[in-house]
Every structure is written in C-alpha cells, then in structure tokens.
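Presented below is the structure to which this report refers.
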Amino acid sequence: MDPLAIAVLALLVIAAGNQLAPKVGLASPLVLLTLGIGVGLLPWVQGVEVAPELILEGVLPPLLFATAVAMPVMDFRRELRSVAALAIGLVVASALLLGLMIHLLLPAVSLPWAVALGAVLSPTDAVAVAIARGQGVNHRIITVLEGEGLLNDASALVLLSAAVAAGLNTDAGALRPMSLATGFVMALAVAVVVGWLVGEATIRVRSRVTDSAVDTVISFTVPFLASIPTEYLGGSGLVAAVVAGLVVSFHGPQMLPPGNRRAAHANWRTLELVLEGAVFLVVGIQAYGIVNELRLDPSTPTVGHAVLLAVLSGALVMVVRAVFVAAILWWLRSARRRNHRRLSAQAERIARFEERLSHACDVDEELLASRDLSPEDWLKALNRWHSRLDKGRRRQKRATNDMAYFTAATLGPREGTVIVWAGMRGAVTLAAAQTLPLSAPLRPLLLLVALLVAVGSLVVQGLTLSLVIRLVKPLMAVEGEDEEEKRRVLKVMRNAVKESALAEALRDQGLDDTRGLTRSFSTVGRALAANSPGSLPHGLSPSQLRYLAVEAIHAQREALLEARDEGVFSSTTLQYALDRLDAEEVMLAAHH
Numbered sequence: 000m001d002p003l004a005i006a007v008l009a010l011l012v013i014a015a016g017n018q019l020a021p022k023v024g025l026a027s028p029l030v031l032l033t034l035g036i037g038v039g040l041l042p043w044v045q046g047v048e049v050a051p052e053l054i055l056e057g058v059l060p061p062l063l064f065a066t067a068v069a070m071p072v073m074d075f076r077r078e079l080r081s082v083a084a085l086a087i088g089l090v091v092a093s094a095l096l097l098g099l100m101i102h103l104l105l106p107a108v109s110l111p112w113a114v115a116l117g118a119v120l121s122p123t124d125a126v127a128v129a130i131a132r133g134q135g136v137n138h139r140i141i142t143v144l145e146g147e148g149l150l151n152d153a154s155a156l157v158l159l160s161a162a163v164a165a166g167l168n169t170d171a172g173a174l175r176p177m178s179l180a181t182g183f184v185m186a187l188a189v190a191v192v193v194g195w196l197v198g199e200a201t202i203r204v205r206s207r208v209t210d211s212a213v214d215t216v217i218s219f220t221v222p223f224l225a226s227i228p229t230e231y232l233g234g235s236g237l238v239a240a241v242v243a244g245l246v247v248s249f250h251g252p253q254m255l256p257p258g259n260r261r262a263a264h265a266n267w268r269t270l271e272l273v274l275e276g277a278v279f280l281v282v283g284i285q286a287y288g289i290v291n292e293l294r295l296d297p298s299t300p301t302v303g304h305a306v307l308l309a310v311l312s313g314a315l316v317m318v319v320r321a322v323f324v325a326a327i328l329w330w331l332r333s334a335r336r337r338n339h340r341r342l343s344a345q346a347e348r349i350a351r352f353e354e355r356l357s358h359a360c361d362v363d364e365e366l367l368a369s370r371d372l373s374p375e376d377w378l379k380a381l382n383r384w385h386s387r388l389d390k391g392r393r394r395q396k397r398a399t400n401d402m403a404y405f406t407a408a409t410l411g412p413r414e415g416t417v418i419v420w421a422g423m424r425g426a427v428t429l430a431a432a433q434t435l436p437l438s439a440p441l442r443p444l445l446l447l448v449a450l451l452v453a454v455g456s457l458v459v460q461g462l463t464l465s466l467v468i469r470l471v472k473p474l475m476a477v478e479g480e481d482e483e484e485k486r487r488v489l490k491v492m493r494n495a496v497k498e499s500a501l502a503e504a505l506r507d508q509g510l511d512d513t514r515g516l517t518r519s520f521s522t523v524g525r526a527l528a529a530n531s532p533g534s535l536p537h538g539l540s541p542s543q544l545r546y547l548a549v550e551a552i553h554a555q556r557e558a559l560l561e562a563r564d565e566g567v568f569s570s571t572t573l574q575y576a577l578d579r580l581d582a583e584e585v586m587l588a589a590h591h
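With the first letter of the sequence shown counted as 1, position 361 gets the number 360 in numbering that gives the first Met the number 0; the numbers rise by one all the way through.
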C-alpha cells in the first residue's frame with residue numbers, strides 16, 4: 000500500500016481510537032494497542048520496522064516537552080524530592096535487581112546485558128496519569144506520577160547506555176557505582192544547563208513574535224533545540240527537553256501573548272495525540288513479529304520461557320516499587336516534622352532581625368560620625384538590610400504555604416497504593432528494547448520479555464487502576480474547596496486593580512466596584528463590540544478603554560504570578576484565573 004495512504008489510515012485509526020476509548024471505558028493507548036495487535040495478526044500485513052532512534056530522539060523529546068510545559072512549576076518544585084527518588088533511585092534499584100534475577104535465571108545472559116534489560120523495564124508510562132486524573136484523584140498524586148514520567152525515561156536510558164557499553168566490553172567499568180554516578184551527574188548537569196539556556200533564549204524570541212502561527216512553529220523546534228546539542232555534549236536530551244519545557248511553563252504566562260499561548264496549546268495537544276497514538280499503534284503491530292522471531296530461532300528459549308520471565312520481572316518490578324514508595328512516604332512524614340521545626344526557627348530569626356532593624360533606624364548622626372559613616376552610607380546599608388528582610392519574609396511565606404499544601408493533602412498508604420499500581424510500562428520500554436545491539440545474547444528473547452512486560456502491565460494495571468482507586472479510596476479532589484479558593488483568588492484580582500484608571504472610569508459610569516473587575520471586563524468587551532458611544536464611560540474612546548482594560552488585566556496577572564511564586568493558591572485555581580484573564584485579553588484584542 001502507498002505510504003501516504005498508510006499514514007492517512009493511521010491518523011484515522013488514531014482519531015477513532017481516541018473517540019472510542021471513553022465509550023468503552025478504556026484509556027486510548029489500550030484501545031490503540033489492541034487495534035495494532037489485531038492489525039498485526041492479519042496475514043497480508045507485513046512487519047513494521049521503526050528505528051528505535053526515531054522514537055527516542057524524534058518522538059519522546061516533544062512529548063516530554065509538552066508535558067513539562069503543561070506542568071505547573073510550583074507543583075514540580077514541591078514534589079521534586081519524591082519525583083527524584085522515583086525517577087532516579089527507583090530506576091537504578093529496579094534495573095540492578097532485575098538484572099541480577101535475569102542473570103541467575105538465564106546464565107547465558109551476562110550481568111551487563113541483564114542489567115540492560117532491567118533498565119529497559121524500569122521506566123513507567125504516562126497512561127496511568129490520564130486514568131487517575133479521570134477518576135478525580137488528588138492533584139498531589141497526579142503531580143508525582145507526571146514528574147516521575149518526565150525524568151525516569153532519561154535515567155533509564157543513561158543506565159541502559161552504561162550497561163550496553165559494559166556488555167560490549169567497550170567500557171568494562173561502566174556499571175561500577177562511581178562510574179555510574181559520575182555518568183548520571185554529568186548527563187543531568189549538561190542537560191539542565193543546555194535545557195535552561197534554550198528555554199530562556201527561545202521564550203524571549205517568542206515574546207517578540209506577534210503571529211500565533213509563527214510562534215507555534217517556533218515552539219515545535221524548542222525540544223529539539225534542547226535535546227540535539229545536549230546529546231552531542233554527552234548529556235540526556237530528554238532531560239534537556241523537560242528543563243526547556245519547565246522554563247516555558249514558568250515564564251510563559253508573563254512573557255507570551257495570551258493568543259499565542261492558546262494557539263500553541265491547541266496545536267501541541269493535537270501533536271501529542273498523533274505521536275502517542277502512533278507509538279502505541281506501531282507497538283501493537285510489531286507484537287506478532289517479535290513473537291514470531293523467537294519461535295523461528297531454535298537457539299533461543301521458547302515463548303513459554305519468555306512468558307515466565309516476563310511474569311517474574313513484572314512481579315519483581317512491582318515489589319521493588321512498593322518498597323520504594325513505602326520508604327518515600329515514611330521519609331516524607333519525617334521530613335514534614337523536621338520542616339515544622341525549621342520553619343519555627345526561621346520565623347524566630349526573622350523576628351530578631353526585624354527587631355534589630357527597627358533599632359538601627361533610630362541611630363543619630365553623632366553615632367554615625369563615631370563609626371566614620373555618612374548618613375548616605377547608612378541609608379544604603381539600611382536599604383540592603385530591608386531587601387534581605389523582604390527576601391526572608393518571602394521565603395518564609397513560601398515555606399509556610401508549602402507546609403500547608405503538604406498538610407492539607409498528606410500522602411499515606413492509600414495514596415501510595417495508587418502510585419504503586421500506576422507504575423505501568425509502555426512505549427519507552429519497547430523503544431529502548433529495540434536499541435539493544437544485534438550482538439546482544441538471546442536478543443529475540445529480551446525483546447519479547449520487554450514486549451510482554453509492557454503489554455501485560457498496560458492491560459492488567461491499565462484495566463484495573465480505576466477499580467483500585469475506588470477500592471482504596473485515596474485523597475480526591477474536593478470541588479467545594481476549589482470554589483472557596485476561587486473566591487479568594489478573585490479577591491486578589493480585584494485588589495490588584497481597584498485603584499486603576501479603568502476602575503475609576505467604570506465607577507464614573509456607575510458600575511458597582513464590589514462586583515469585581517473580572518465581571519466588569521465582560522461589560523467592557525460587550526461595549527467595545529457594540530461600539531456604542533453611549534455605553535462607554537464618559538470621555539473615553541473605545542481604543543482608550545481597551546488600553547486601560549488590558550493594563551488592568553496585566554496588573555491582575557502580575558498579582559497572580561506573585562501569588563504563584565509564594566505558593567499562596569493551588570496551581571489548578573491559579574490556572575483557572577489565568578485562563579479567565581487570557582480569554583478577556585483575547586476578546587479585547589479581537590475588537591481592536
């Protein structure tokens with residue numbers, strides 16, 4: 000069949016699978032995987048060969064970048080310790096223990112190659128995030144799972160590279176702890192630096208672009224601008240793409256026009272849908288070919304051996320994950336108690352500093368002369384101390400809000416159970432498995448084990464995760480609390496502009512300021528659309544009123560971003576408010 004026709008058919012299947020998934024109560028990757036397996040079993044369908052580098056270097060960077068852009072940096076910062084433990088510590092522990100077990104069960108597979116397979120089986124898939132979010136679980140669980148998915152792919156691939164180097168005898172000491180740790184640190188350091196530089200540079204370029212289509216095209220290049228040079232420098236291109244995405248997530252609301260952000264978001268959602276769908280569809284089609292390759296090779300163990308090894312590997316992965324998550328939860332409880340004590344000590348230090356600073360303001364000129372200080376020098380010193388005090392207060396406020404966040408949604412055994420069961424394997428496992436060189440011992444068997452673990456976990460855990468959530472009853476998102484917080488956010492927005500020129504103009508027209516300018520903006524928008532002079536504040540043209548309204552929106556956005564930096568509100572509520580402001584500003588721009 001013509002390649003173009005195949006591509007069009009694949010797009011239609013991806014669209015149909017995503018449309019069908021909610022109706023049958025399944026995650027769309029499971030539907031597409033099943034469709035792919037069905038297509039692969041058709042006698043006239045030839046095996047599909049996709050270079051694994053295409054997935055690892057062409058598909059994963061934009062997918063991880065898009066996830067990072069959508070992730071609130073405030074939440075990622077708060078959960079960074081848990082995320083790092085799962086994405087790095089758990090990946091290394093799982094890979095080493097799996098490698099040891101596989102080597103003991105199959106002595107023909109040397110320890111480096113067994114660890115390589117362990118690294119392949121270690122990273123989790125993002126399917127669980129969609130399922131858990133659909134069930135309405137608490138935002139902390141979603142953040143931990145998303146953060147883990149952002150980083151564990153890179154950790155697994157760094158470990159896989161070291162294991163393959165040891166297996167090929169190109170670097171016999173690659174799996175030594177010191178060598179492995181050095182490789183991790185270097186790969187992450189290079190990735191963080193390059194990703195941050197690319198993110199900062201591209202966000203400034205995009206802030207000067209006025210055409211939303213041009214801005215979207217530039218945004219499509221960002222993950223590759225970060226990942227490609229990072230790989231050449233020996234770093235992790237995936238981590239670089241993630242860091243660049245987090246930079247865009249942090250600066251985007253302040254630096255990018257709302258119309259550009261909304262257009263890029265819509266186009267990125269489409270790209271994510273196509274890329275994720277294509278990966279699972281291709282994986283399903285390849286399944287039969289991998290099984291058939293093992294059956295036709297008499298020198299390898301049987302399919303039954305592969306099934307047994309896959310079951311044992313999947314079970315060991317879950318046991319290690321459960322132990323790790325339990326240890327993380329215990330550590331978080333201990334850290335929370337320590338943070339309470341540290342917070343109290345920090346508050347006392349700030350109070351003492353404030354007291355000393357208040358006495359410093361009473362110094363007279365005679366005392367300054369005795370210390371050979373001019374009043375100007377003393378004033379500069381006071382300004383520096385006040386600046387230090389303000390920074391300390393902001394840190395204290397952020398730490399207090401972080402503590403309230405952790406206390407309000409404590410992760411316990413129920414939440415840990417969901418995090419454990421959500422650790423299913425997927426596309427990255429299959430793509431990484433195919434990077435194993437042809438000289439790897441029992442390669443067809445290793446590929447089949449990776450396929451069985453990935454497909455098995457997607458089916459078993461993917462189909463039962465919703466049931467597990469209903470049974471264990473973890474923390475769920477509470478609608479009532481969201482509404483209360485939204486009211487507090489709207490109060491911050493009103494306070495940000497109540498003395499603005501727009502507020503003055505609206506009061507002159509007789510609008511009640513207590514209604515809030517967030518409602519008044521809709522009135523402004525309708526007045527501008529009608530272009531009726533009688534409906535506008537006296538003495539203001541439509542262009543003047545539009546300018547004042549946009550300035551007021553900017554003031555509100557600044558207040559919200561300041562609240563974000565201090566951790567005052569949840570990321571969900573802040574995003575709700577920022578989306579409202581974006582919609583108002585786009586509406587005003589439409590009537591320009």
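Note that CB positions come from ideal geometry on N, CA and C, so glycine has one too.
Review point. Under three-state DSSP, which class holds Val49?
Key: Position 50 of the sequence shown, counted from the start, is the residue given in the question as residue 49. Of the three classes helix, strand and coil, the one that applies to Val49 here is coil, per DSSP.
Exercise for review: Check each candidate in Gln574, Ile101 and Met475 and name the one with the smallest Cα separation from Arg132.
Suggested key: Numbered from 1 along the sequence shown, position 133 holds the residue referred to as residue 132. Of the candidates Gln574, Ile101 and Met475, the one whose C-alpha sits nearest the C-alpha of Arg132 is Met475.
**Study point:** Closer than 9 angstroms to chain B by CB, Gln460
**Key:** Reference to chain B is not applicable here, since this structure consists of a single protein chain.
Point to revise | Inter-residue Cα distance where the pair is Thr571 and His138 | key: Counting from one through the sequence shown, the residue named residue 571 turns up at place 572. Counting from one through the sequence shown, the residue named residue 138 turns up at place 139. The C-alpha of Thr571 lies about 8 angstroms from the C-alpha of His138.
Check your understanding: Can you tell me where the alpha helix (DSSP H) with Val23 in it begins and where it stops?
Key -> As a working note, residue 23 is residue 24 in the sequence shown. Taken as a continuous stretch (DSSP letters only), the alpha helix (DSSP H) holding Val23 covers Pro2 to Val23.
Review point. Do you know whose CA, among Ala9, Pro51, Pro21 and Ala50, lies nearest Leu34's CA?
Key: The count along the sequence shown starts at 1 and reaches residue 34 at position 35. Comparing Cα positions, the closest option is Ala9.
Check your understanding: Who are the Cβ neighbours of Pro60 in its own chain at under 7 angstroms, not counting the five residues just before and after it?
Key -> Counting from one through the sequence shown, the residue named residue 60 turns up at place 61. Pro222, Phe223, Ser226, Gly236, Leu237 and Ala240.
Review point. When we look at the beta-carbon of Trp420 and count the other beta-carbons within 10 Å, is it buried (16 or more) or exposed?
Key: As a first step, residue 420 is located in the sequence shown; it is residue number 421 there, counting from the start. With a threshold of 16 other beta carbon atoms within 10 Å, Trp420 meets it and is buried.
Check your understanding: Is Arg424 near Val316, with beta carbons less than 9 angstroms apart?
Key -> Indexing the sequence shown from 1 puts residue 424 at position 425. Indexing the sequence shown from 1 puts residue 316 at position 317. Taking 9 angstroms as the Cβ cut-off, Arg424 and Val316 qualify as a contacting pair.
Exercise for review: Return the chain-ordered list of same chain residues with a C-beta closer than 7 angstroms to the C-beta of Leu19, the five sequence neighbours on each side being excluded.
Suggested key: Start at 1 with the first residue of the sequence shown, and residue 19 comes out as number 20. Here the set comprises Val30.
Review point. Going by Cα to Cα distance, which pick from Ala164, His250 and Thr123 is closest to Asp152?
Key: The residue you call residue 152 lines up with position 153 of the sequence shown. Nearest option by C-alpha distance: Thr123.
Review point. Looking at the structure shown, is Met70 part of a helix, part of a strand, or coil, going by DSSP?
Key: For the purposes of this step, residue 70 is taken as the residue at position 71 of the sequence shown. Reduced to three states, the DSSP call for Met70 is coil.
Check your understanding: Can at least three beta-carbon pairs, one atom from the segment 406-416 and one from the segment 574-583, be found at a separation below 8 angstroms?
Key -> Because the criterion of three Cβ pairs below 8 angstroms is not met, the segment 406-416 and the segment 574-583 do not touch.
Review point. Around the Cβ of Ile5, are there at least 16 other Cβ atoms within 10 angstroms (buried) or fewer (exposed)?
Key: Locating residue 5 in the sequence shown gives position 6, counting from the first residue. By the 16-neighbour rule on beta-carbons within 10 angstroms, Ile5 is exposed.
Point to revise | Beta-carbon contacts of Arg340 that lie in its chain and below 6 angstroms, excluding the five residues immediately before and after | key: To locate residue 340, count along the sequence shown from 1; it is residue 341. Contacts found: none.
Point to revise | Integer Cβ distance of Glu145 from Met254, believed to fall under 8 angstroms | key: As a first step, residue 145 must be located in the sequence shown, where it is residue number 146. As a first step, residue 254 must be located in the sequence shown, where it is residue number 255. 23 angstroms between Cβ atoms; not a contact.
Check your understanding: Does DSSP put Val208 in a helix, a strand or coil?
Key -> Position 209 of the sequence shown holds residue 208. In this structure, Val208 counts as coil in the three-state DSSP scheme.
Check your understanding: So is Ala212 buried or exposed if we call it buried at 16+ other beta carbons inside 10 Å?
Key -> Taking the sequence shown and counting its residues from 1, one reaches residue 212 at position 213. With fewer than 16 other Cβ atoms within 10 Å, it is exposed.
Check your understanding: Cα separation between Val82 and Val143?
Key -> As a working note, residue 82 is residue 83 in the sequence shown. As a working note, residue 143 is residue 144 in the sequence shown. Distance between the alpha carbons of Val82 and Val143 is about 6 angstroms.
Check your understanding: Between the C-alpha atoms of Glu550 and Leu378, what's the straight-line distance to the nearest angstrom?
Key -> Within the sequence shown, the letter at position 551 stands for residue 550. Within the sequence shown, the letter at position 379 stands for residue 378. The alpha-carbon atoms of Glu550 and Leu378 are separated by roughly 34 angstroms.
Review point. Would DSSP call Met317 helix, strand or coil?
Key: Residue 317 sits at position 318 when you count from the first residue of the sequence shown. Helix, per DSSP.
Point to revise | Start-to-end residues for the alpha helix (DSSP H) that takes in Arg132 | key: As a first step, residue 132 must be located in the sequence shown, where it is residue number 133. Segment Val126 to Gly133, the alpha helix (DSSP H) holding Arg132.
Practice item. Less than 8 angstroms between the CB atoms is what I'm expecting for Ser121 and Val90, so what's the real figure, rounded? Key: Sequence index remark: in the sequence shown, residue 121 carries index 122 (1-based). Sequence index remark: in the sequence shown, residue 90 carries index 91 (1-based). Ser121 to Val90, Cβ: 4 angstroms. Contact.
Check your understanding: What is the DSSP secondary structure of Val82, counted as helix, strand or coil?
Key -> Within the sequence shown, the letter at position 83 stands for residue 82. DSSP places Val82 in helix when its eight states are reduced to three.
Practice item. Specify, as a first and last residue, the run of the alpha helix (DSSP H) that Trp112 falls within. Key: The residue you call residue 112 lines up with position 113 of the sequence shown. Element bounds for Trp112: Leu110 to Leu120.
Practice item. Go through its chain and collect everything with a Cβ distance to Arg514's Cβ below 6 angstroms, but skip five positions before and after it. Key: Taking the first residue of the sequence shown as position 1, residue 514 is located at position 515. Only weak support exists for where Arg514 lies, its pLDDT of 48 falling under 50; the value from the coordinates is given anyway. Excluding five sequence positions before and after Arg514, none of the CB atoms of its chain fall closer than 6 angstroms to its own CB.
Practice item. State buried or exposed for Asp581, treating a residue as buried only when at least 16 other CB atoms are found within 10 Å of its CB. Key: Position 582 of the sequence shown holds residue 581. By the C-beta density criterion, Asp581 is buried, having at least 16 other C-beta atoms within 10 angstroms.
Check your understanding: Residue range of the alpha helix (DSSP H) that Ile101 falls in?
Key -> In the sequence shown, residue 101 corresponds to position 102, counting from 1. For Ile101, the enclosing alpha helix (DSSP H) has its first and last residue at Val90 to Leu104.
Review point. Does the Cβ of Gly313 have 16 or more other Cβ atoms within 10 Å, making it buried, or fewer, making it exposed?
Key: The residue you call residue 313 lines up with position 314 of the sequence shown. Its Cβ being crowded by 16 or more others within 10 Å, Gly313 is buried.
Point to revise | Helix, strand or coil at Met475 [DSSP, three-state] | key: The sequence position of residue 475 within the sequence shown is 476, counting from 1. Met475 falls in the strand class under three-state DSSP.
**Study point:** Cutoff 8 angstroms; reference Leu3; Cβ partners in own chain excluding five residues on either side
**Key:** Your numbering for residue 3 matches position 4 in the sequence shown. Here the set comprises nothing.
Review point. In its own chain, which residues sit with a C-beta less than 7 angstroms from the C-beta of Pro252, not counting the 5 before and 5 after it?
Key: As a first step, residue 252 is located in the sequence shown; it is residue number 253 there, counting from the start. Hits under 7 angstroms: Arg556, Leu560 and Leu577.
Check your understanding: Excluding five sequence neighbours on each side, which residues of the same chain lie with their C-beta closer than 6 angstroms to the C-beta of Thr269?
Key -> Counting from 1 along the sequence shown, the entry for residue 269 is found at position 270. In its own chain, leaving out the 5 sequence neighbours on each side, no residue places its CB closer than 6 angstroms to the CB of Thr269.
Exercise for review: Name the residue from Arg348, Leu150 and Asn291 whose alpha carbon lies nearest to the alpha carbon of Gln395.
Suggested key: Within the sequence shown, residue 395 is the residue found at index 396, counting from 1. The residue among Arg348, Leu150 and Asn291 with its C-alpha nearest the C-alpha of Gln395 is Arg348.
Check your understanding: Any idea what DSSP makes of Val246, helix, strand or coil?
Key -> Along the sequence shown, read from residue 1 onward, the residue named residue 246 stands at position 247. Reduced to three states, the DSSP call for Val246 is helix.
Review point. To which residues of the same chain is Ala588 closer than 6 angstroms at the C-beta, ignoring the five residues directly before and after it?
Key: Counting from 1 along the sequence shown, the entry for residue 588 is found at position 589. Cβ neighbours of Ala588 beyond the five flanking positions: none.
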